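Undergrad: Quick one: this structure, given as structure tokens, is what I'll be asking you about.
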Amino acid sequence: MTNIIKLSANDIAEKLNSGELTSVEVTQAFLDRIAAVDGTINAFVTVTADDALTTAREVDELRAQGATLHPLAGVPIAIKDVVVTDGVQTTAGSKMLEGWIPPYDATLVEKIKEAKLPILGKTNMDEFAMGSSTEHSAYGNTLNPWDTDRIPGGSGGGSAAALAAFEAPLAIGTDTGGSIRQPGAVTGTVGVKPTYGSVSRYGLIAMASSLDQAGPVTRTVVDAALLHELIGGHDPKDSTSLPDPAEGYVAAAQQGLTGDLTGVRIGIVKELTGEGYQPGVQARFEESINTLRAAGAEIVEVSCPSFTSALAAYYLIMPAEASSNLAKFDGMRFGLRVEPTEGPVTAERVMAATRGAGFGDEVKRRIIIGTYALSSGYYDAYYGSAQKVRTLIQRDFTAAFEKADVLVSPTSPTTAFKFGEKLDDPLAMYLNDIATIPANLAGVPGMSIPNGLSDDGMPVGFQILAPIREDARMYRIGAALESALEKQWGEPLINRAPELEAQA
Ligand code: GLN
Numbered sequence: 092m093t094n095i096i097k098l099s100a101n102d103i104a105e106k107l108n109s110g111e112l113t114s115v116e117v118t119q120a121f122l123d124r125i126a127a128v129d130g131t132i133n134a135f136v137t138v139t140a141d142d143a144l145t146t147a148r149e150v151d152e153l154r155a156q157g158a159t160l161h162p163l164a165g166v167p168i169a170i171k172d173v174v175v176t177d178g179v180q181t182t183a184g185s186k187m188l189e190g191w192i193p194p195y196d197a198t199l200v201e202k203i204k205e206a207k208l209p210i211l212g213k214t215n216m217d218e219f220a221m222g223s224s225t226e227h228s229a230y231g232n233t234l235n236p237w238d239t240d241r242i243p244g245g246s247g248g249g250s251a252a253a254l255a256a257f258e259a260p261l262a263i264g265t266d267t268g269g270s271i272r273q274p275g276a277v278t279g280t281v282g283v284k285p286t287y288g289s290v291s292r293y294g295l296i297a298m299a300s301s302l303d304q305a306g307p308v309t310r311t312v313v314d315a316a317l318l319h320e321l322i323g324g325h326d327p328k329d330s331t332s333l334p335d336p337a338e339g340y341v342a343a344a345q346q347g348l349t350g351d352l353t354g355v356r357i358g359i360v361k362e363l364t365g366e367g368y369q370p371g372v373q374a375r376f377e378e379s380i381n382t383l384r385a386a387g388a389e390i391v392e393v394s395c396p397s398f399t400s401a402l403a404a405y406y407l408i409m410p411a412e413a414s415s416n417l418a419k420f421d422g423m424r425f426g427l428r429v430e431p432t433e434g435p436v437t438a439e440r441v442m443a444a445t446r447g448a449g450f451g452d453e454v455k456r457r458i459i460i461g462t463y464a465l466s467s468g469y470y471d472a473y474y475g476s477a478q479k480v481r482t483l484i485q486r487d488f489t490a491a492f493e494k495a496d497v498l499v500s501p502t503s504p505t506t507a508f509k510f511g512e513k514l515d516d517p518l519a520m521y522l523n524d525i526a527t528i529p530a531n532l533a534g535v536p537g538m539s540i541p542n543g544l545s546d547d548g549m550p551v552g553f554q555i556l557a558p559i560r561e562d563a564r565m566y567r568i569g570a571a572l573e574s575a576l577e578k579q580w581g582e583p584l585i586n587r588a589p590e591l592e593a594q595a
């Protein structure tokens, strides 16, 4: 019998189409898996079993009637809890929004509903998407299915862990500085941050509006391409949305699967490899480069000197934008309201009491940094300088893409670390994103694909960056590397994830 939960989304879609499986069977299989293991993994904040089964039944009926359906119709999906869902609690991982039921759907959720993908639930994350380990969630830690003493990455640890624990075949993440790609790297899954503006931000609870981008979290490159085509495209409700149609990604991935990369120039970013990268991560990276060379690619080295300042610039620009975006959580409009225990109940005092009780330490830290960086007198020295560095990073990308079609690096300098290891050291936590942040500052697309295990037995990720609007290139090269690696291993890496004990 087919083990439904281990199938890729594309395989499930084919089996739904051929009538070998029904969406109800598939959806139930994932709901059963969630019931069995999510008590341990805690990938989900909210599970919407009834809604998922209702959609699944609808798809099965429509298919029986011979209706034309979206290729992914009936394939279940999980959604990061920072994306608003009409009628379903959306917390952004914060106590501030506990119990908040949005009155509308994000554009990408509308698209998912129109295409009739059963929504399994909302996944756990660092509070307001701030973090690299999901330890900053108000809803408890999400555990890495490869080793439950270790973090699943962040901020989108819930979506990545749901995929790695076979609780969902597809998920949505958001990436402001790496929150799709880094969790992908440390859980052995695929994560794609599309070109900024490729997927609508309407209905994402904003962290840093000029950096945030939603994208696919999957187990294969083709699945990511399928999901990107579904959620992408122009949206008049998002003023930064690009006019481009979301197409050509699946075709590019399929072209990549043929394995021929003759004529493709791949640039190794000198500043994003070598020193500071865990030996096992660096070794897998070099092996993957050899694999790409064997597929016909030309390997060149490029230098992007400003990338060494990317982290510093990010940790000024991101908190500056976040401090402004989070001002709306004032105890009046959404979710939590805390009144002062003594003294007058004025708007300002309610706001202070609510924000004091509702926000966690990391969120408070960033609001303080952000308001400081934006304050008059310091604006030029901090925020203004960071914006200049951002321009230099964009120029580095432009120059590098003249020498190479795509740029590559390890996704994350280390494999998944143990819980608590970096929690009291914000700078050590921030360093996880050293290789992913430049893409957000420049708006370029990035992908992480699993490229082996380190000496500690934990998965490693390989990052591919492409020029703005050239997302198709990374699907092609990602799929080529994925298929070459699977041939070497004899199976997809994710199959080596330990079986999780089902709970009684
Ligand atoms: N880890 C980074 C941060 O803490 C990125 C977060 C994200 O991409 N949402 O800001």
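So in the numbering used here, the last one in the sequence shown is 595, and the numbering has no gaps at all. In this text, a Cβ means the ideal position worked out from N, Cα and C, and glycines have one as well. This one's a predicted model, so the numbers in the text were calculated from it and none came from an experiment.
Tell me which residues share the same chain as Leu363 and place their Cβ nearer than 6 Å to its Cβ, disregarding the 5 neighbours each side in the sequence.
TA: Excluding residues within five positions, the ones whose Cβ falls inside 6 Å are Ser500 and Ala526.
Undergrad: Could you check if Ala220 belongs to the surroundings of the ligand GLN, using beta carbon to heavy atom distance under 7 Å?
TA: Yes; taking the cut-off as 7 Å, the Cβ of Ala220 has a heavy atom of the ligand GLN nearer than that.
Undergrad: Is any heavy atom in the ligand GLN found nearer than 7 Å to the beta carbon of Met538?
TA: No, Cβ of Met538 sits at least 7 Å from all heavy atoms of the ligand GLN.
Undergrad: So who's on the other strand from Phe553, going by DSSP bridges?
TA: According to DSSP, which records beta bridges pairwise, Phe553 is partnered with Pro501 and Ile540.
Undergrad: Is Gly245 near the ligand GLN, with its Cβ less than 7 Å from a heavy atom?
TA: Gly245 Cβ: within cutoff of the ligand GLN.
Undergrad: Rounded to the nearest angstrom, what separates Gly157 and Leu188 at their Cα positions?
TA: Going from the Cα of Gly157 to the Cα of Leu188 covers about 42 Å.
Undergrad: In the DSSP assignment, what residue or residues form a beta bridge with Asn531?
TA: BP columns for Asn531 are empty, so no partner.
Undergrad: If you reduce the DSSP assignment to three classes, tell me which class Asn235 lands in.
TA: If DSSP states are grouped into helix, strand and coil, Asn235 belongs with the strands.
Undergrad: State the beta-bridge partners of Ile609 as determined by DSSP.
TA: Because the chain spans 92 through 595 in this model, residue 609 falls outside it and cannot be assessed.
Undergrad: Using only the alpha-carbon positions, how far apart do Gly449 and Ile458 sit?
TA: Taking the straight line from one Cα to the other gives about 13 Å.
Undergrad: Flag this pair as touching only if the stretch 429-449 and the stretch 503-515 have three or more C-beta atom pairs under 8 Å; answer yes or no.
TA: No, because fewer than three Cβ pairs between the stretch 429-449 and the stretch 503-515 fall closer than 8 Å, the two stretches do not touch.
Undergrad: Compute every distance between the C-beta of Ala223 and the non-hydrogen atoms of the ligand GLN, then say whether any falls below 7 Å.
TA: The identity of residue 223 in the sequence shown is Ser, whereas the question assumes Ala. Yes - the ligand GLN has a heavy atom lying nearer than 7 Å to the Cβ of Ser223.
Undergrad: Any heavy atom of the ligand GLN within a distance shorter than 7 Å of the CB on Gly552?
TA: It does not: the Cβ of Gly552 is nowhere closer than 7 Å to a heavy atom of the ligand GLN.
Undergrad: Quick check: the stretch 342-351 against the stretch 484-501, are at least 3 beta-carbon pairs closer than 8 Å?
TA: Verdict: no, contact absent.
Undergrad: Helix, strand or coil for Leu112, going by three-state DSSP, please let me know.
TA: Leu112 falls in the coil class under three-state DSSP.
Undergrad: Could you work out which residue in Leu352, Ser185 and Ile585 is closest to Met298 when comparing CA atoms only?
TA: The candidate whose alpha carbon is nearest that of Met298 is Ser185.
Undergrad: Starting from the C-beta of Thr331, find all residues in its chain whose C-beta is less than 6 Å away, skip the five residues before and the five after it, and write them out in chain order.
TA: Within the same chain, Thr331 has close Cβ partners Gly288.
Undergrad: Taking Cβ positions, are Gly130 and Val150 nearer each other than 8 Å?
TA: Contact: no.
Undergrad: Does Leu295 come out as helix, strand or coil in the three-state DSSP assignment?
TA: Looking at Leu295 - three-state DSSP - the assignment turns out to be strand.
Undergrad: Which word fits Gln594, buried or exposed, when buried means at least 16 other C-beta atoms lie within 10 angstroms of its C-beta?
TA: It is exposed - the Cβ of Gln594 has fewer than 16 other Cβ atoms within 10 Å.
Undergrad: If we count the other Cβ atoms within 10 Å of its Cβ and call it buried at 16 or more, is Gly548 buried or exposed?
TA: Flag for Gly548 reads exposed.
Undergrad: Is any heavy atom in the ligand GLN found nearer than 7 Å to the beta carbon of Asp172?
TA: Because no heavy atom of the ligand GLN lies under 7 Å away, the Cβ of Asp172 does not count as near it: no.
Undergrad: Would you check if the distance between the CB atom of Glu577 and the CB atom of Ile540 is smaller than 8 Å?
TA: Contact flag unset, no.
Undergrad: At the level of alpha carbons, what is the spacing between Asp329 and Ala530?
TA: Distance between the alpha carbons of Asp329 and Ala530: 20 Å.
Undergrad: Going by CA-CA distance only, name the one from Gly552, Ala140, Phe135 and Ala127 that's closest to Val115.
TA: Comparing Cα positions, the closest option is Ala140.
Undergrad: Just checking, does the stretch 225-234 make contact with the stretch 410-422 on the three C-beta pairs under 8 Å criterion?
TA: Flag = no, the stretch 225-234 and the stretch 410-422 do not touch.
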